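Below: one structure, written as C-alpha cells.
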Amino acid sequence: MERTLIAVKSDGVQRGLIGEIIKRFEHRGFKLIGLKMVKPTEDLAKHHYIDLKDKPFYAGLCKFTSAGPFVAMCWEGQNIVKMGRDMMGETNPADSKPGTIRGDLCVQVGRNIIHGSDSLETAKKEVALWFKPEELIEWKSCAEVYTYE
Ligand code: IDP
Ligand code: MG
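Going by UniProt numbering, 100 is the number at position 100 of the sequence shown; the sequence numbering is gapless.
Pasting the structure below:
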C-alpha cells in the first residue's frame, strides 16, 4: 500500500472545506492514518515547498502557508499517490475538470485549497516532514475486504 500527504491549506480551512476534502478520500475507499492541524513555522513551509524556491511566488506561498491553519493528513491505499493527484485536479483550478476537488471548489492557482504529494518519492519525504512515526496510526479497516479483492 502507498501513503501520501494530503493537506487542506489555510484557504481551504477558512472556506470550511476540511470535511468535504476528507469525505472525498474516505468515500473513495482510502484510509486515514494521520491527521493534525498545524500552524507551520515559516521554516517548515519553506522546507515543504523547497522545490519551488526559484519561483517568483515562493516567498508569498511560504508566508501564506505559515499563517496556517494547515490540516496535514496521511492517507493510505493502493495507487493513492496518482489517484490522489487525479482527484485534486490540475495545479491551476481554471484547468481542472469539474468533478475534481480543485475543479469543483476553487478558482485561482494561489488559492487552490489542497496539497497532495506528486510522486511516491515526494510522498515519503513529505509524510516524514509533517508526521513523526508515532503520529501515524496502523489500523485495520473492516471495509478493506469490500474495497480490495
Ligand atoms: P501542486 O500544488 O499542484 O503540486 P506545485 O507546482 O507544486 O502545484 O505548486 C505548489 C503551490 O504553489 C500550488 O498549489 C499553488 O498554491 C502555488 N502556485 C503554483 N503556481 C503558482 C503561480 O503561478 N502563482 C501563484 N501560486 C502558484
Ligand atoms: Mg506540488
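Even glycine gets a Cβ: it sits at the ideal position worked out from N, Cα and C. This one's a predicted model, so the numbers in the text were calculated from it and none came from an experiment.
- Taken through DSSP and simplified to helix, strand or coil, residue 74 comes out as strand.
- If you check the CB distance, residue 76 and residue 131 do not come in under 8 Å.
- Checking the 7 Å criterion, the Cβ of residue 95 is out of range of every heavy atom belonging to the ligand MG.
- Within the same chain, and ignoring the five residues on either side of residue 117 in sequence, the residues whose Cβ sits closer than 7 Å to its Cβ are 4, 5, 81, 123 and 126.
- The three-state reading of DSSP puts residue 111 in helix, counting H, G and I together.
- Buried is the label assigned to residue 70, since at least 16 other Cβ atoms lie within 10 Å of its Cβ.
- Within the UniProt domain "Nucleoside diphosphate kinase-like" (1-138), the complete alpha helix (DSSP H) segments of 4 residues or longer fall at 10-14, 18-28, 42-48, 58-67, 80-88, 101-105 and 120-130, listed in chain order.
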